[in-house]
Amino acid sequence: MIPGAGTAESSAGARLVLLTLAAGQFLMALDSSVMNVSIAAVAADVGTTVTGIQGAITAYTLVMAMFMIPGGKVGALIGRRRAFMIGCCIYGCGSLTTALAPNLAVLLVGWSLLEGIGAVLILPAVVALVAGNFAAERRAAAYGLVAAAGAVAIALGPLIGGFAATYLSWRWVFAGEVLVVTGILLLARRLADVSSGKRPHIDLVGTVLSALGIGTFVYGVLRSDEWGWFRPKPDAPAWLGVSLVVWLMLTGVLLIWLFVAWGAHLVERRREPLIDPALLHNQQLSGGLTMFFFQYLVMMGVFFVVPLYLSVALGLSALATGVRLLPLSLTLVAAATLIPRLLPDISPRRVVRLGIVAMFAGAVILMAALDTGAGAEIVTVPLLFIGVGMGALASQLGSVTVSAVPDERSAEVGGVQNAVTNLGSSIGTALAGSILLAALTSSFLTNVEQNPAVPVKVKNEAAIGLQSGATFLSDAQLKTALEEAGTNQKVAQAALEANADARLDGLRAALAILAFASVLAMYFTSRLPTAQPRSA
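Written as structure tokens, this is what we have:
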């Protein structure tokens, strides 16, 4: 703890410290959500395909997943503030390179590589710097605001990306990031850092094992939609009749086990591992990390499902979709900041449990509201509940994980924490997408099969076509495809009705799995503390 940290938080300087760290977290979360709504525009601008841009997004995710834990160790080695500032410099160079990218290769270097490397230095350092700049009793509020900044960035991404794509260019988003990074670097001089007093050691073998293990597992998850979770899709890679996704995930788990075993081996020899396995046996830390995993699984699942409903099922623009997500952002920030301020002594376990209940309620209300003819207004109340729930978790979990270990280990915890959130985000998006498309396919085929207006030949062709991979289509997209295929009016109308019903069934199924994940998360809340951390 820095001297006077417990008394400085009411000053303008402390507010600038919090603003600096929150801005860093906001930038790290903004990129993916902006890029996701700008894929087609970016692909056309740099002369590549949508698949090429999706590959860049995958590469960005993989760089962060693979090197987040080593990134936390680098912060402990060279200093958290220095790691934060170096990460910002690298990230800023990546943003500038991306803004000027003439082709996919340069985009990969700027966005996927440089910004990814910058993020793995920045994110763990943010966690450690909050611990170093705020007293234990004030960290919940600080972590809540920082976490809320990241979640709000994900929610505002479609709005910012849609506005830029409509009125400016996607390149202006990344050019703007360079200016924000410059501002962060100017303010970062106010950040206080604390040295552990000893020079850490970088475990190279552990670094390789952790990077390969987490990277392989996450890559398998990211490919699940294209290749299939277990049964391989047509033309997808497989081994012994099983999708390559399963083998990649199993390989990742094996490598992670070897990483933990290697760490235990080093501890026995009184050498320093990348991550001390004893940390994983810390009940409070493991409980906090588990809740982070479920929080980001549900959050990213929601940010996948709701925009699909708004943009595809209802045909809203990216800009209008972003506006409809604002209720979630507002309640998230309100809950994350007001709960620690108004209820500073409340049990973290109780807050998290109430947050999970709110998230579950939001998912169930939205499931019930989805119906033929429903409009965009039905998402408002559910998103208010989900935002409150996410904000409640954000207000507690950062403080829970860091307070479980000495302050000098906060950078390592930051690395593990962000690796876990990255994993939860990947699985949440992939799981929601897979369940949605599986339910959509089943529902569409059932509706078509039961409709006497559809000839048997068309039913067979539909079944064969869907086996190659269903697509979440808008009415306009399907109508165009049917016209190009020369389908008669009666069959086309039947297909449009079946598609509309199937879309809703798919959305409901995806929300159901997210609601189930919320219920499952409740089981792990018993590991959370019942009292707020206090300074010694």
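Quick note, the sequence shown lines up with residues 49 to 584 if you use my numbering.
Each residue gets a CB set at the ideal place from its N, CA and C atoms; glycine is no exception.
Given the structure is predicted, the values throughout are model-derived calculations rather than measurements.
Hey, how far is the Cα of residue i from the Cα of residue j?
i    : j    : result
I250 : E320 : 8 angstroms
L471 : A113 : 7 angstroms
R238 : R401 : 36 angstroms
R556 : E274 : 21 angstroms
V308 : P325 : 6 angstroms
A366 : E316 : 55 angstroms
T610 : A579 : Nothing can be reported for residue 610: it is not among the residues displayed for the chain, which extend from 49 to 584.
S80  : W287 : 32 angstroms
G54  : L485 : With a pLDDT of 41 at G54, under the threshold of 50, the predicted position of this residue should be treated as unreliable, though the coordinate-derived value follows. Answer to the nearest angstrom: the Cα atoms are 51 angstroms apart.
V405 : A478 : 23 angstroms
A417 : V346 : 19 angstroms
S395 : P577 : 7 angstroms
M83  : R318 : 46 angstroms
V269 : V290 : 15 angstroms
S143 : I126 : 24 angstroms
G446 : Q537 : 57 angstroms
L390 : F74  : 24 angstroms
M297 : R63  : 43 angstroms
T145 : E225 : 11 angstroms
V567 : S217 : 42 angstroms
D393 : G439 : 17 angstroms
W310 : G437 : 38 angstroms
P280 : L292 : 8 angstroms
A4   : D419 : As shown, the chain starts at 49 and ends at 584. That puts residue 4 outside it, with no answer to give.
Y267 : A368 : 32 angstroms
A107 : G158 : 11 angstroms
M339 : G476 : 13 angstroms
G554 : V350 : 13 angstroms
H313 : G435 : 43 angstroms
A236 : L432 : 34 angstroms
G335 : L327 : 11 angstroms
L156 : P581 : 43 angstroms
With a threshold of 16 other CB atoms inside 10 Å of the CB of residue i, please say whether the residue is buried or exposed.
i    : result
N151 : exposed
T214 : exposed
F564 : exposed
L441 : buried
F601 : For residue 601 there is no data in the structure shown, the boundaries of the chain being 49 and 584.
L177 : buried
A197 : buried
P430 : buried
A480 : buried
F278 : exposed
T379 : buried
A92  : exposed
Q12  : Nothing in the structure corresponds to residue 12, since the chain is present only between 49 and 584.
T99  : exposed
Which class does residue i belong to by DSSP, given the choice of helix, strand or coil?
i    : result
W220 : helix
P577 : coil
I13  : Residue 13 lies beyond the stretch modelled for the chain, which goes from 49 to 584, so this question has no answer here.
E320 : coil
R271 : coil
F211 : helix
P355 : helix
W277 : coil
N547 : helix
V175 : helix
G42  : The shown model of the chain, from 49 to 584, leaves out residue 42, and the question about it has no answer.
F74  : helix
N151 : coil
S365 : coil
A240 : coil
T449 : helix
V94  : coil
T477 : helix
G205 : helix
I250 : coil
L156 : helix
Have a look at the DSSP bridge pairing and note the partners of residue i.
i    : result
S291 : A286
Within the chosen definition, does the segment 202-222 reach the segment 438-458 through at least 3 CB pairs nearer than 8 angstroms? no
With contact counted as at least three CB pairs below 8 angstroms, one residue from each stretch, are the segment 189-196 and the segment 138-147 in contact? no
Is it true that the segment 351-358 meets the segment 566-576, where meeting means three or more beta-carbon pairs spaced less than 8 angstroms apart? no
Do three or more CB pairs link the segment 161-174 to the segment 125-135 at distances below 8 angstroms? yes
Evaluate contact between the segment 113-127 and the segment 461-480, counting only Cβ atoms and requiring at least three cross-stretch pairs below 8 angstroms. yes
With three or more C-beta pairs closer than 8 angstroms as the rule, is the segment 161-168 touching the segment 179-188? no
Could you check whether the segment 407-416 touches the segment 546-560, counting it as contact only if at least three pairs of C-beta atoms, one from each stretch, sit closer than 8 angstroms? yes
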